[in-house]
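For reference, the structure discussed in these notes is given below.
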Amino acid sequence: MDRDRTLAHLSEDDWGRPDSSSTQLYRDLCALRDLPVGQLTPTSLHLLVTHQVGLDVTALLALEHVECDPLRSVALYPGDLLAALLRVDPSFWADHPALLARMSALLDRLRTLPDGDWHLLVSAAEQFPG
1 MDRDRTLAHL SEDDWGRPDS SSTQLYRDLC ALRDLPVGQL TPTSLHLLVT HQVGLDVTAL
61 LALEHVECDP LRSVALYPGD LLAALLRVDP SFWADHPALL ARMSALLDRL RTLPDGDWHL
121 LVSAAEQFPG
């Protein structure tokens, strides 16, 4: 993937430009779609993944962050980026078996951690399709 390209260029859908009647959320998502994907931060990825925008790209980038440091890729609280990935629609994971395998391996690694931050994600992890 070319990290200098934007989500708007990488996707085949045209959102159009926000206008004065657009919500702030829509304006924020449009602005993030116009950034090169290599510039997306954990906070921006959290917002995009939570709203299931460009998941082919954003889930991969978010997964890269949480694989490096699962509970410290922080947008709002420890583990929030991982929690956003756990809430992605199961059909996405079914359509992306390589990402599902990586996510499942990450969750297996986390299960070996001592209690602490991980317990916040247990209920979400139990719902994960992997």
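Position one of the sequence shown corresponds to residue 1 (my numbering), numbered consecutively onward. Heads up, the beta-carbon is just placed ideally off N, CA and C, and yes, glycines get one too.
1) Who are the Cβ neighbours of Leu-81 in its own chain at under 7 angstroms, not counting the five residues just before and after it?
2) Leaving aside the five residues before and after Ala-59 along the sequence, list all residues of the same chain whose C-beta is less than 8 angstroms from its C-beta, in chain order.
3) Under the three-state reduction of DSSP, which class applies to Thr-58: helix, strand or coil?
4) How long is the line joining the alpha carbons of Arg-17 and Leu-40, rounded to whole angstroms?
5) Hey, out of Leu-110, Arg-5, Leu-10, whose CA is closest to Pro-36's CA?
6) Along the alpha helix (DSSP H) that carries Pro-42, what are the first and last residues, could you check?
7) Buried or exposed for Leu-25, going by 16 or more other Cβ atoms inside 10 Å?
Quick answer:
1) For the purposes of this step, residue 81 is identified with residue 81 of the sequence shown, where counting begins at 1. Here the set comprises Pro-42, Leu-45, His-46, Ala-62, His-65, Val-66, Ser-73, Ala-75.
2) The residue you call residue 59 lines up with position 59 of the sequence shown. Correct list, in chain order: Val-49, Leu-85, Val-88, Phe-92, His-96, Leu-99.
3) On the sequence shown, residue 58 is found 58 positions in, with the first residue counted as 1. Helix at Thr-58.
4) Stepping through the sequence shown from its first residue, residue 17 is reached at position 17. Stepping through the sequence shown from its first residue, residue 40 is reached at position 40. Cα-Cα distance, rounded: 20 angstroms.
5) Taking the sequence shown and counting its residues from 1, one reaches residue 36 at position 36. Nearest C-alpha to Pro-36: Arg-5.
6) As a first step, residue 42 must be located in the sequence shown, where it is residue number 42. From DSSP, the alpha helix (DSSP H) with Pro-42 extends over 42-50.
7) By one-based count along the sequence shown, residue 25 stands at place 25. Flag for Leu-25 reads exposed.
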